[in-house]
Every structure is written in C-alpha cells, then in structure tokens.
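> Residue numbers (the UniProt record's numbering): 1 to 211.
Quick one: structure below, then a few questions.
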C-alpha cells in the first residue's frame, strides 16, 4: 500500500501542478511560516495538512498567472513579468498561507485593484512590499498607498459590473418581498377562516315548537 501511494503521488502532483511551475507536497508536521516571511527551500516543508502543496512559479518569465491548484499552501510568483492578476485568480486558494509576489513589473491601473484588495485581507506585509513599475507617474509607489484619484479611470469600469450585481440584488429583494406578501396573505386568510369556524360553532340552535 505504501509503495502504491508513493507511485501515485507524483502523478497526482503532476495533475495539480501548472506546467511552467514546480510543485511538491508538504510532508512533515509543524508550524507554517508567517505570511510574508522567509520561504523554506525545496523539499518537505514544515506545515500542517497532508496533501497540501508548495507551488513554485518563480523566475519563469510569466506574463499571466496559470491555473493554480486549490491545495496550494505556499505560492511563489516572484521574479516574473506579471503586470496584474486577473480578478478571481486567487479566490479559490482557501489553504494558502504564504505568497511571494515581489520583483514583478506591476502596472497600477484599474486591473491592480483586485490584487490590492485581496492582499489587504490576506497579508498586510505582503501588500506593503509591492510597488508600482508603471505608469511613470506612479513608478515606485507602494500599492497600498494608491488613492482613488490615481485610479480614477476605474469609475468607467464599474457600471457594467455594478449593473450585474444591481439586477441580481433586485431579483433577490423582489423575491423576498413577494414571499412576505404571500405569507401575510396566507396568515390573514387562515385567521379569517378560524374566526368563521368559531362563529359557526357558537350560533344557537333553533328550538323546535312542541305540538
């Protein structure tokens, strides 16, 4: 059984690992490093969770983020050519505890907003370490310090996305209101029916004259 698991492990890792990256499994139990802290080298890495992966996509010249395995515990994307990360690309990484994004030419426009907001929840030190490479007016400025005025063009991107959420929320509200109206009508009808039954039971019976 142990031999079979050992033979299957590389195949499973190959299925989950993006083709330009290198992956290995976490084996030894122990504490994980803090988000944004120093990374351990290749090999079994301390950390809880059997089957979790270290995904090393660093120094691959990547211009886009590949499909990432959901079992990633540690992700290395530093020293690439990433200008932004698509919205939702990191949302499925529920087990992620460490992320390296340095040494990438981040282009600070509307497309960087997703990464900045995601990092605000994931790791403030990781966000503080990233700086804009372009445009020229924002070069070397920390992503964490970008203001709405500097990303003012993003307002043109909001209506389409906001409209989708608006119609979704409108349908949910309309459904809730309709459900409440039906519940109120059913309650009113049931009370009326109960009152009619009670009144019918209290009506005096007519006396039949004796002959």
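Every residue gets a Cβ at the ideal spot worked out from N, C-alpha and C, and that includes glycine.
For residue 53, does the count of other Cβ atoms within 10 angstroms reach 16, so buried, or fall short, so exposed?
Walking along the chain shown from the start, residue 53 turns up at place 53. With 16 or more other Cβ atoms within 10 Å, it is buried.
> For the alpha helix (DSSP H) containing residue 116, name the first residue and the last one.
By one-based count along the chain shown, residue 116 stands at place 116. Its alpha helix (DSSP H) spans residues 113-122.
> Please name the residue or residues paired with residue 25 in a DSSP beta bridge.
Counted from its first residue, the chain shown places residue 25 at position 25. Note: residue 25 sits in a beta bridge opposite 53.
> Classify residue 55: buried if its beta carbon has 16 or more other beta carbons within 10 angstroms, exposed otherwise.
Taking the first residue of the chain shown as position 1, residue 55 is located at position 55. Counting Cβ neighbours within 10 Å, residue 55 comes out buried, since at least 16 surround it.
> Can you list, in chain order, the residues of its chain whose CB lies under 8 angstroms from that of residue 128, leaving out five sequence neighbours each side?
Counting from 1 along the chain shown, the entry for residue 128 is found at position 128. Excluding residues within five positions, the ones whose Cβ falls inside 8 angstroms are 142 and 144.
> Counting only the same chain and skipping the five closest in sequence on each side, list residues whose C-beta sits under 8 angstroms from that of residue 67.
Working through the chain shown from its first residue, we reach residue 67 at position 67. Correct list, in chain order: 18.
> Let me check understanding here. Comparing Cα to Cα, which of 114, 69 and 80 lies closest to residue 60?
The residue given as residue 60 occupies position 60 in the chain shown. That would be 80, whose Cα lies nearest to the Cα of residue 60.
> Output the distance between the C-alpha atoms of residue 168 and residue 88, rounded to the nearest integer angstrom.
Taking the first residue of the chain shown as 1, we reach residue 168 at position 168. Taking the first residue of the chain shown as 1, we reach residue 88 at position 88. When rounded, the distance between both Cα atoms is 19 angstroms.
> Leaving out the 5 sequence neighbours to the left and right, which residues in its chain are closer than 7 angstroms to residue 103 when beta-carbon positions are compared?
The sequence position of residue 103 within the chain shown is 103, counting from 1. These residues qualify, in order along the chain: 78 and 79.
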